Amino acid sequence: QTATFAFDDLTMVWQHRSWGQAVDPKYPWGATIYGDKGTLKLSVQGYDFVPRGSGDEIHRDVTYELEEYPEDKTEKDLERHVAPAIRYHMIDFLNAVASRGKPVADIQEGHISSASCILANLSMQLGRSLTWDAEKEQVVGDDEANQLLSRPYRIPWIHPTPDTV
Numbered sequence: 509q510t511a512t513f514a515f516d517d518l519t520m521v522w523q524h525r526s527w528g529q530a531v532d533p534k535y536p537w538g539a540t541i542y543g544d545k546g547t548l549k550l551s552v553q554g555y556d557f558v559p560r561g562s563g564d565e566i567h568r569d570v571t572y573e574l575e576e577y578p579e580d581k582t583e584k585d586l587e588r589h590v591a592p593a594i595r596y597h598m599i600d601f602l603n604a605v606a607s608r609g610k611p612v613a614d615i616q617e618g619h620i621s622s623a624s625c626i627l628a629n630l631s632m633q634l635g636r637s638l639t640w641d642a643e644k645e646q647v648v649g650d651d652e653a654n655q656l657l658s659r660p661y662r663i664p665w666i667h668p669t670p671d672t673v
């Protein structure tokens, strides 16, 4: 599945693959960001930044802290490849609570990411491009698509809106 998100100053292509060879075997579950300052390849395993023009390439691997967190070796439900990333998000969140600031992965960022994936799947299901109004949180001029953004609720529950929360 490939989805293209066209913004005023950015075009983003999301490709979701479940079969076949990874485009980059070093980053089978990762992202590649092409920017005006260089290219960033990243995953929960680490990242590589290759600058455009002059400058040094930067490489970082994830740090497994198995001596400090020995339970990471034995916890049966832990996905070891994401444990360090999750831990850093938890630490960042707790620091944000303590400082009354925003975490790196703010809830609004999570909402935007989730909504983008939902809209990509909806576009594929309907077989057409969608135009999203982020302010109204509606697909522009597409009643069928908007109907698919929510589902019927059991009485007395209703789908929340800004007026009902």
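The sequence shown begins at 509 in my numbering and counts up one residue at a time.
The beta-carbon is built from N, C-alpha and C at its ideal position, and this holds for glycine as well.
Note that the structure is predicted; figures quoted are calculated from it, not measured.
With a threshold of 8 Å, are at least 3 pairs of Cβ atoms found where one atom belongs to the region 604-614 and the other to the region 625-633? no
Alpha carbon to alpha carbon, how far is residue 530 from residue 511? Looking up residue 530 in the sequence shown gives position 22. Looking up residue 511 in the sequence shown gives position 3. Cα-Cα distance, rounded: 17 Å.
Same chain only: Cβ atoms within 8 Å of residue 641, ignoring 5 sequence neighbours per side: Counted from its first residue, the sequence shown places residue 641 at position 133. Answer for residue 641: 647, 648, listed in chain order.
Inter-residue Cα distance where the pair is residue 661 and residue 652: The residue you call residue 661 lines up with position 153 of the sequence shown. The residue you call residue 652 lines up with position 144 of the sequence shown. Taking the straight line from one Cα to the other gives about 18 Å.
If you draw a straight line from the alpha carbon of residue 573 to that of residue 528, how long is it in whole angstroms? Along the sequence shown, read from residue 1 onward, the residue named residue 573 stands at position 65. Along the sequence shown, read from residue 1 onward, the residue named residue 528 stands at position 20. Their Cα atoms are separated by approximately 32 Å.
How long is the line joining the alpha carbons of residue 637 and residue 513, rounded to whole angstroms? In the sequence shown, residue 637 corresponds to position 129, counting from 1. In the sequence shown, residue 513 corresponds to position 5, counting from 1. So the alpha carbons of these two residues sit roughly 10 Å apart.
Give the range of the alpha helix (DSSP H) segment to which residue 624 is assigned. Translated into positions along the sequence shown, residue 624 becomes position 116. Its alpha helix (DSSP H) spans residues 615-634.
Runs of alpha helix (DSSP H) wholly within the region 576-616 (minimum 4 residues, chain order): 579-582, 591-607
Proximity below 9 Å, CB of residue 569 to CB of residue 554: Indexing the sequence shown from 1 puts residue 569 at position 61. Indexing the sequence shown from 1 puts residue 554 at position 46. Yes; because the gap between Cβ atoms is below 9 Å, this pair is in contact.
With a 10 Å radius around its C-beta and 16 neighbouring C-beta atoms as the bar for buried, classify residue 621 as buried or exposed. Numbered from 1 along the sequence shown, position 113 holds the residue referred to as residue 621. Per the 10 Å Cβ criterion, exposed.
Rounded separation between residue 639 and residue 523 - CA only: Locating residue 639 in the sequence shown gives position 131, counting from the first residue. Locating residue 523 in the sequence shown gives position 15, counting from the first residue. Their backbone Cα atoms lie some 19 Å apart in a straight line.
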